[in-house]
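The next block holds one structure in the form of structure tokens; read it before the comments.
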Amino acid sequence: MQEETRVEWRQWGQDAFDEARERAVPVLLSLSTTWCVDCHEMDATTYADPNIAANVNDRYVPVRVDADRQPRVRERYAAGGFPSTVFLTPDGEVLSTATALAPDGMRQVLNRVGKAYAEKGDDAGRVPRALSGDLPPAGTVDAAIEEQLAGQLGEKFDDRFGGWGRDAKFPLARTVEFALKRERDQALRTLDAVRDHLHDEVAGGFFRYAGRQDWGDVHYAKLLDTNATLLRAFAHAYVYTGEDAYREPAESTVGFLTDGLWAGVAVGGSVGPGAGAEHWRKDAEGRADDRSPRTDLTAYAGGNALAADALLTFHGYTDDERAREYADRVLDYLERDLLEHGSVVHFRERGQTGPRDVLADIAAVVGAFTRAEQILGYGADVASTVADHAIESLHEDGSFRDGPAEGAGLLDRPLRPLDGNAAMANALIDLATLTGDDSYREVARETVGAFAGASHRVGVQVAEYGTAAGRLCRNPLVVAVADDPGSDLHRAALRIADHEKVVVPNADESIAPELDRGTARVVGVDDPASDPEALMTRVAQRE
């Protein structure tokens, strides 16, 4: 945070909780981000109030956490937005939660929480249900999962304004992708609304979300993750429609990523000429009337991997060389600086090293390198190394934990996020096809099955779970190309209008036995194709 406060913030860690235990007071956890306008406002008003600061310092142990740098803390304690103001027992159990609090509201909450803790002590705390230790109900992976989520699209779709839901509107890029194959009109109408209301026509890129059902009250943060996932969704829409209405916002977002968020800087100490790390930082714009950006210069593994995946997707559909060049450079950065024997480091900056093996990072990295294998002809070996490490260290009782079960507060309690498991399952399905190793597919099936007993409760926000289930029930389209990446035949395979397909360039005997060089085979169709037109005929035969 940039504003000074009068609060004596501690760092997240066991020392802070030990201090709270010794003093017999609660912990006040403030979850904030660099790009969050309300976080800065709360620092400048509430936490700058000398009476409030004195109350906090005397009666609590205040801990400040950057939610982007500590995603596992965020997932356990965030109150649905930032800032999150969370009161904890010395064991890390939750006493009370709130978001932004003005001075008067903060005084009331401080008094109420302090009184409750004085009366009940640790008994006033609770463990969030997701951390209770109960496993999600397992079930059979069948077509009903995909069908249920496809039905949810229709039930939740906003026919008047586009998008899903009746309150604040988030882009939900992965839901758009799920809908592109099941309810395409809904997907395209949603992308139209996102383009018309959240796209920055001047500087490029997309704003984070809209606060109203009609896509009004735009929140002007422009985050890497949001822009990466929307770039991919718009690129997919373009390959289905061929319309510039979807290509142009995607192309503009390529420009925003490569001009606005790119940082060619040295990381991890001094480096020689030409040795600077190249990657994306996280970024945000201020309010509509305050365009000076608040910038987080940290390069996160997950966000960079999502961006590389999206840029490669756009390049595969359009031959855009800038997209390919920057994707190639960031993949090199990830492999060189953030991957260690399959382990993924969340970030490195100025001698600081972030947490390791966050599931969202791992899923994005495996997805990026499997995408690279399909587009550029390399990356599956890196994806396999990361996936193998994740399966060994995080896959337990049928699904993936969000990270190592260790750390202060409730970090030692396993959390099994459905969105992270769905993303990992889809990446493993791709990896199984690209490598010919069916064990990855079996792990994906087990992972999806671990939540299948409660699939009827899954909402459209996690529609990617339905994508994974559908791809397991009916094998995705696979095109084996016995030709180099970039050949006409390979490029034609990439542009088949099915964004859930897997394209295998330089396919060998393990993928496509007896396939002659310079030909391609649609798996499930006997006759190979030797030119793009014949390939499209074979795809139609499979359908």
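Residue 747 is where the sequence shown starts when you use this note's numbering, and the numbers rise one by one after that.
By construction, the Cβ of each residue, glycine as well, lies at the ideal position given by its N, Cα and C atoms.
**Message:** Tell me which residues share the same chain as residue 1004 and place their Cβ nearer than 7 Å to its Cβ, disregarding the 5 neighbours each side in the sequence.
**Reply:** 1068, 1072
**Item:** Beta-carbon proximity list for residue 998, same chain, < 6 Å, skipping 5 on both sides
**Value:** 950
**Request:** Going by DSSP, name the residue or residues bridged to residue 1085.
**Result:** Residue 1085 is bridged by DSSP to 1090.
**Same chain only: Cβ atoms within 6 Å of residue 1002, ignoring 5 sequence neighbours per side** = 950, 951
**Request:** Note the first and the last residue of the continuous beta strand (DSSP E) segment covering residue 924.
**Result:** Where residue 924 is concerned, there is no enclosing beta strand (DSSP E), although the alpha helix (DSSP H) it sits in stretches over 919-928.
**Asked** What are the residues that DSSP puts in a beta bridge with residue 809?
**Response** 756, 775, per the DSSP bridge assignment.
**Asked** What whole-angstrom Cβ distance do residue 1108 and residue 1061 have, given they're in contact under 8 Å?
**Response** Actually they do not touch by this definition, with Cβ atoms about 24 Å apart.
**Item:** C-alpha gap between residue 833 and residue 1155, whole angstroms
**Value:** 12 Å
**Message:** Between the alpha carbons of residue 766 and residue 1195, how many angstroms are there, rounded?
**Reply:** 41 Å
**Message:** Extract the residue ranges of the beta strand (DSSP E) inside the region 782-829, only unbroken runs of 3 or more that lie entirely within it.
**Reply:** Secondary structure within the region 782-829: the beta strand (DSSP E) runs of 3 or more consecutive residues, fully enclosed, are 807-812 (chain order).
**Asked** Buried or exposed: residue 932, going by 16 or more other Cβ atoms within 10 Å of its Cβ?
**Response** Classification of residue 932: buried, given that the 10 Å Cβ count is 16 or more.
**Asked** Counting pairs of beta carbons, one from the region 1162-1176 and one from the region 1130-1146, are three or more of them closer than 8 Å?
**Response** yes
**Request:** State buried or exposed for residue 1167, treating a residue as buried only when at least 16 other CB atoms are found within 10 Å of its CB.
**Result:** Around the beta-carbon of residue 1167, 16 or more other beta-carbon atoms lie within 10 Å, marking it buried.
**Item:** Cut-off 8 Å between Cβ atoms - residues of its own chain near residue 1252, not counting five sequence neighbours on either side
**Value:** 1123, 1227, 1228, 1229, 1230, 1231
**Prompt:** Near residue 1205, what residues of its chain come up, given a Cβ to Cβ distance below 7 Å and the 5 sequence neighbours on each side ignored?
**Reply:** Within the same chain, residue 1205 has close Cβ partners 898.
**Distance between residue 1105 and residue 1111 (C-alpha atoms, nearest Å)** = 10 Å
**Asked** Which value, in whole angstroms, describes the spacing of the CA atoms of residue 1138 and residue 1247?
**Response** 27 Å
**Request:** Leaving aside the five residues before and after residue 1268 along the sequence, list all residues of the same chain whose C-beta is less than 6 Å from its C-beta, in chain order.
**Result:** 1225, 1284, 1285, 1288
**Request:** Select from 878, 852, 879, 777 the residue whose C-alpha is nearest the C-alpha of residue 829.
**Result:** 777
**Prompt:** Is the Cβ-Cβ distance between residue 971 and residue 1052 less than 8 Å?
**Reply:** yes
**Item:** Terminal residues of the beta strand (DSSP E) in which residue 1267 lies
**Value:** Per DSSP, residue 1267 belongs to the beta strand (DSSP E) from 1266-1268.
**Request:** For residue 922, I'd like the list of residues in its chain whose CB is within less than 7 Å of its CB, leaving aside the five on either flank, ordered along the chain.
**Result:** 933, 936, 937, 979
**Asked** From residue 1009 to residue 1076, what does the alpha carbon distance come to, in whole angstroms?
**Response** 11 Å
**Prompt:** Under three-state DSSP, which class holds residue 1199?
**Reply:** helix
**Prompt:** Given that a residue counts as buried once 16 or more other Cβ atoms are within 10 Å of its Cβ, and exposed if not, what is residue 1130?
**Reply:** Buried, since its Cβ has 16 or more Cβ neighbours within 10 Å.
**Request:** Mind listing, in chain order, the continuous alpha helix (DSSP H) runs of no fewer than 4 residues lying wholly within the region 1200-1228?
**Result:** 1210-1219
**Request:** Kindly identify the DSSP beta-bridge partner or partners of residue 968.
**Result:** Its beta-bridge partners do not exist; DSSP assigns none.
**Message:** In the DSSP output, which residue or residues are listed as bridge partners for residue 834?
**Reply:** 773, 840
**Message:** Residues in the same chain with beta-carbon distance under 8 Å from residue 809, minus the five sequence neighbours each way, listed in chain order, please.
**Reply:** 755, 756, 757, 758, 762, 773, 774, 775, 776
**Prompt:** Just the Cα atoms here: how many angstroms apart are residue 823 and residue 878?
**Reply:** C-alpha separation (whole angstroms): 14 Å.
**Asked** Taking DSSP as the reference, what is the three-state secondary structure of residue 1251?
**Response** strand
**Those runs of the alpha helix (DSSP H) which lie wholly inside the region 885-912 and span at least 4 residues** = 889-902
**Prompt:** residue 1212 to residue 920, Cα distance in whole Å?
**Reply:** Whole-angstrom Cα-Cα distance: 11 Å.
**Prompt:** Would you say residue 961 and residue 939 are within 8 Å of each other, going by their C-beta atoms?
**Reply:** yes
**Request:** Tell me where the beta strand (DSSP E) around residue 1009 begins and ends.
**Result:** Start and end: 1008-1011.
**Request:** Sort 863, 959, 1157, 994 by Cα distance to residue 941 and report the nearest one.
**Result:** 994
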